[in-house]
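So for the sequence shown, the numbering used here puts the first residue at 80; every next one is plus one. All residues carry an ideal CB built from backbone N, CA and C; glycine is no exception.
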Amino acid sequence: MKIVMLDGDTLPLSLPIEQLQGEWEIRTHTPVNEIVSALQRATIAITNKVPLRAATLRQLPDLRFVCVAATGYDCIDLDACRERGITVSNVPGYSTQSVSEAVIAALFALRRQLFDYASTTRRDWPQAQHFCLHRRPIQDIGGAMLGIAGRGEIGQAVGRLAQALGMQVQFAERKGSQTVRDGYVSFEQMLATSDVISLHCPLSDQTRQMIDREALAKMKPQALLINTARGGLINEADLAAALAQGVIGGAALDVLSSEPPAADNPLLADLPGLLLTPHIAWASRSGAENLVKGVMKNIAASLQGEPINVVS
């Protein structure tokens, strides 16, 4: 039984491979042109973000199980896996606490202007005439309206934390939907009435670039946009222009459409009000431990012929 992890360095903790018998190979990373050779004879593949598409899968006749070391599985061609009898499992819920706390941390950082003040205090405070300095306006958290796109486990956890802080919370209906379900507001109403918008949608043809120039123009001038889900949910050029022109108040992004990003990605520019982190919202100690445990449980269940967390 050959088990190959394609991008082991994406995990901050090592997989305890001694727990399960097999011919293990933990690769630090795998370029696209090496995927097929890396998975020759492999029965089980573990991938975080290395893509497994139809053309690749056709060249891997021994592959029977894919474990996605994440909750999102848009890197896997599920239809091709079904056609070839390959079972795919993910690890749901491992990062709910970590990601939801990261959203709230970003919210505080931007609403309270922490980075702006922290970056200028050592330079400007000694020359000040008064005991305090007033630069960018500081906004409270309590009483603000948080709009959430995506009502999965993480979206709901963010909502609970926000309500505990005194925020109002509303969940957006799907963009373009002709009806609005109970407990939701229309996507357009969410854009127009939210002080902060947090994205928690999977990336699909329906959600790709759901935040574009038109959507940004409907937001409040001081509204904030937070994305810890998938970079492809946002038109990055449109967001960069909106930040540069002051169309919205700021953004906190933990994800980009291509990771690592190309050097010419417009969101790598020095943009006002942009907090950018390298896809680490999930990576608290508990999040990483939960992920490793989830991967090993998925592999063990597959080896016993009773796969769990099956998505295809």
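{"Item": "Among Gln268, Gly311, Val264, the one whose alpha carbon lies nearest that of Arg287", "Value": "Gly311"}
{"Item": "Gly226, DSSP secondary structure in three states", "Value": "strand"}
{"Item": "CB of Met375 within 8 Å of CB of Leu94, strictly", "Value": "yes"}
{"Item": "DSSP state of Gly262 mapped onto helix, strand, coil", "Value": "coil"}
{"Item": "7 Å CB neighbourhood of Ser336 in its chain, flanking five on each side removed", "Value": "Gly310, Gly311, Glu315"}
{"Item": "Minimum length 3: unbroken beta strand (DSSP E) runs contained in the segment 254-315", "Value": "275-278, 303-306"}
{"Item": "N-terminal and C-terminal residue of the beta strand (DSSP E) that Thr126 is part of", "Value": "123-126"}
{"Item": "Counterpart residues of Trp103 in DSSP-defined beta bridges", "Value": "Ile82"}
{"Item": "Alpha-carbon spacing of Gly221 relative to Leu244, whole angstroms", "Value": "6 Å"}
{"Item": "The segment 229-243 in contact with the segment 200-216 per 3-pair CB rule at 8 Å", "Value": "no"}
{"Item": "Span of the beta strand (DSSP E), counted from its first residue to its last, around Phe250", "Value": "247-250"}
{"Item": "Helix, strand or coil at Val167 according to DSSP, with G and I counted as helix", "Value": "strand"}
{"Item": "Which of helix, strand or coil DSSP assigns to Val129", "Value": "coil"}
{"Item": "Where Ile96 falls: helix, strand or coil (DSSP)", "Value": "helix"}
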